[in-house]
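A.B. asks: Just so you know, our numbering puts 281 at position 281 of the sequence shown, and the rest follows in order with no gaps.
Heads up, the beta-carbon is just placed ideally off N, CA and C, and yes, glycines get one too.
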Amino acid sequence: MNYRYFIPTAMLVASLAFVSSAHAQGTSDWYFGKWNCTLAKSIMTIEIFRDENGVPVGRSIDQSGLVNLRLASHSASEITLLDHRFVETSSFTMRLVPKLSPKRTEGSGTIDGLADSLICAEHPATPQSISLQIFRFDKNDVAKGFQPIPGRLVAITSDGSGNTWGVNNLDEIYKYNSNTAQFERRPGLLRQIFAGGGSVWGVNHLNSVYRYSSASQSFEPIPGKLIHMVVGDNDVAWVLNGAWAIYRFDKNTQQFENIPGALRQLAGRSESNLWGLNHLGNVYHYNQWKKEFEQVPGNLKQIAADTSGNAWGINGKNEIYTYTLTSGRFVQMPGQLVQISVDSGGAVWGLNQNNNIYRFNTTTSLFERVEGVLTKIEAGNDSVWGLK
């Protein structure tokens, strides 16, 4: 992607974990070479090689420049590299996905206490160049579980009204046709796509904004630039730009208005339950009467929200928290997840660090395992979607 956050790579700790002996080929050198990685929408290259003494070392390259990494430990299955400052609050972990070519890694990363999902691909491939297989869980036929759907996508989203959209590695746009059970090509090119409240928005490779018009059956340009968006009810859209500035789309003026504050992530389906996280993981809730974001106690790396005033989040330790109107605070729940998604009806789904699928049982107040593994999960109106 072309979206970048400024990440201090001089404070980088890197660790790589090997999870498939199929890639090791009987040696401990599976990790040597270049890896193109995305973390918090920053693009970096990690190169691992032998120094003059034959010891594995590394270097990280992004927009901040070159950072040398030194060896902490390594074995046939794992290597850990640290920057010269040994800052333990900054780290990232990569795990190889078996039987894929080019090799792809998935994991999580933390820079100065702020955690995000991490995806890397063996150079010269990039994470964005690898499309993923599509899976669908039909809530009306749960016995079938997650079933494969023809096609491959890099991103998928549901608008809360039963419509599902996606984009592939060529930025081509697709919409799911429930009658044919196929994703069908739609005009235009988008790198990211966002949906909610019955409306669909997108961003192209230049970060230019587009909104889908049901009248013209196409995506039409809207003035502005963004890197992240939340689409709520009544065609209300909230966006973040590259400087973490917050904007709200005014459908009357057809313009984006600036909202005080700085956030790196947004979640919510209505203005009455809109949440955000800043670059430190601090949590904010939107006060629609004051028209400002107010800080709420807690620290999270990911947040999701429903339409009933509830929110779910994951912290840097992958611990799960929920906020309800009755409690008025974030309460820890059993289990660990690295991704979480809430559908329009309030059902909560998630993935753990091994890509196992979980669904929250409101009767037992526990996350229960659902058969299958996924890389990404998106809880929609009548279906739950996944990519792998």
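Using 8 Å for Cβ pairs, my map puts V230 next to G268. What's the rounded Cβ distance?
C.D. replies: At roughly 6 Å, the Cβ-Cβ gap stays under 8 Å, so V230 and G268 are in contact.
A.B. asks: Starting from N260, trace the beta strand (DSSP E) in both directions and tell me its first and last residue.
C.D. replies: This sequence places Pro at residue 260; Asn is not what is there. Residues 255-262.
A.B. asks: With DSSP as the reference, label E271 as helix, strand or coil.
C.D. replies: Here E271 sits in helix by DSSP.
A.B. asks: So, are the CB atoms of V237 and F249 less than 8 Å apart?
C.D. replies: Looking at the sequence itself, residue 237 is Ala, so the reference to Val does not match. In this structure, F249 lies closer than 8 Å to A237 by Cβ.
A.B. asks: Alpha carbon to alpha carbon, what distance is there between N53 and G350?
C.D. replies: Their Cα atoms are separated by approximately 45 Å.
A.B. asks: Mapping the DSSP letters down to three states, classify A195 as helix, strand or coil.
C.D. replies: In the structure shown, A195 sits in a strand (DSSP, three-state: E or B).
A.B. asks: Round the Cβ separation of I357 and L374 to the nearest angstrom and send it over; I've been treating them as touching at under 8 Å.
C.D. replies: Their Cβ separation, rounded to whole angstroms, is 6 Å, which keeps I357 and L374 in contact under 8 Å.
A.B. asks: For R185, collect the residues of the same chain with a Cβ closer than 8 Å to its Cβ; drop the 5 residues on either side in sequence, then sort them by chain order.
C.D. replies: The residues are E172, I173, Y174.
A.B. asks: Taking the beta carbon of V331 as the centre, do at least 16 other beta carbons fall within 10 Å, making it buried, or is it exposed?
C.D. replies: Result: exposed.
A.B. asks: Counting only runs of 4+ residues fully inside the region 115-179, write out the alpha helix (DSSP H) ranges in chain order.
C.D. replies: Taking only runs of at least 4 residues, no alpha helix (DSSP H) segment lies wholly in the region 115-179.
A.B. asks: Shortest alpha-carbon distance to F293 belongs to which of G281, G276, L280, G309?
C.D. replies: Per the Cα distances, G276.
A.B. asks: Measuring alpha carbon to alpha carbon, tell me which residue in W312, G198, F194 is nearest N204.
C.D. replies: Ranking the options by Cα distance to N204, first place goes to F194.
A.B. asks: Work out the CA separation of S216 and R329 for me, nearest whole Å.
C.D. replies: The alpha-carbon atoms of R329 and S216 are separated by roughly 45 Å.
A.B. asks: Going by alpha carbons, who is nearest to Y212 out of E368, T324, Y321, G188?
C.D. replies: Comparing Cα-Cα distances from Y212 to each of E368, T324, Y321, G188, the minimum goes to G188.
A.B. asks: The ligand PLP and V209: does any heavy atom of the ligand fall closer than 7 Å to the residue's C-beta?
C.D. replies: Looking at this structure, you won't find the ligand PLP or any other ligand, since it has none at all.
A.B. asks: Helix, strand or coil for A245 per DSSP?
C.D. replies: Three-state result, A245: strand.
A.B. asks: Please report the straight-line C-alpha distance between K317 and I340, rounded to a whole angstrom.
C.D. replies: So the alpha carbons of these two residues sit roughly 14 Å apart.
A.B. asks: Beta carbon of L132, beta carbon of R152: below 8 Å?
C.D. replies: Contact flag set, yes.
A.B. asks: Buried or exposed for P391, please, with buried defined as at least 16 other CB atoms from any protein chain shown within 10 angstroms of its CB.
C.D. replies: Absent from the model: residue 391. The displayed extent of the chain is 1 to 388, so no value can be given.
A.B. asks: What residue does the beta strand (DSSP E) around Y31 start on, and which one ends it?
C.D. replies: Taken as a continuous stretch (DSSP letters only), Y31 belongs to no beta strand (DSSP E), as it is neither H nor E.
A.B. asks: According to DSSP, is V239 helix, strand or coil?
C.D. replies: Note: V239 maps to strand in three-state DSSP.
A.B. asks: According to the Cβ coordinates, are G198 and H123 closer than 8 Å?
C.D. replies: Going by C-beta atoms, G198 is not nearer than 8 Å to H123.
A.B. asks: Compute the Euclidean distance between the alpha carbons of K139 and G335, then round it to the nearest angstrom.
C.D. replies: For K139 and G335, the distance between alpha carbons rounds to 23 Å.
A.B. asks: Based on Cα-Cα distance, which residue from G346, G232, Q254, Q265 lies nearest to A243?
C.D. replies: Nearest of G346, G232, Q254, Q265 to A243, Cα basis: Q265.
A.B. asks: If you check the beta carbons only, do K225 and V200 fall under 8 Å apart?
C.D. replies: No, the Cβ-Cβ distance between K225 and V200 is not below 8 Å.
A.B. asks: S383 by DSSP, collapsed to three states: which one?
C.D. replies: Strand, per DSSP.
A.B. asks: In the region 304-386, which residue ranges form an unbroken beta strand (DSSP E) of at least 3 residues, counting only runs that do not cross its ends?
C.D. replies: Counting only runs of 3 or more, we get 311-314, 319-323, 330-336, 339-342, 348-351, 356-361, 366-373, 376-379.
A.B. asks: Could you tell me the distance, in whole angstroms, from the CA atom of S60 to the CA atom of F146?
C.D. replies: C-alpha separation (whole angstroms): 38 Å.
A.B. asks: Taking the DSSP output, what are the residues bridged to K225?
C.D. replies: K225 pairs with S208.
A.B. asks: For G346 versus T164, is the C-beta distance shorter than 8 Å?
C.D. replies: Cβ distance not < 8 Å, so G346 and T164 don't count as in contact.
A.B. asks: Quick one: grab the DSSP three-state call for A215.
C.D. replies: Here A215 sits in coil by DSSP.
A.B. asks: Does D250 come out as helix, strand or coil in the three-state DSSP assignment?
C.D. replies: Three-state result, D250: strand.
A.B. asks: Can you tell me whether D51 is buried or exposed, with buried defined as 16 or more other CB within 10 angstroms of its CB?
C.D. replies: That one is exposed.
A.B. asks: Under DSSP, the beta strand (DSSP E) around L439 begins and ends at which residues?
C.D. replies: The question about residue 439 has no answer, for the chain in this structure spans 1 to 388.
A.B. asks: Thinking T385 and V342 are a contact (beta carbons under 8 Å), I'd like their distance in whole angstroms, please.
C.D. replies: A small fix is needed here, since residue 385 is Trp in this sequence, not Thr. Rounded, the Cβ-Cβ distance is 14 Å, inconsistent with contact.
A.B. asks: Nearest to S218 by CA position, among N207, L206, G232, G202, is which residue?
C.D. replies: Per the Cα distances, G202.
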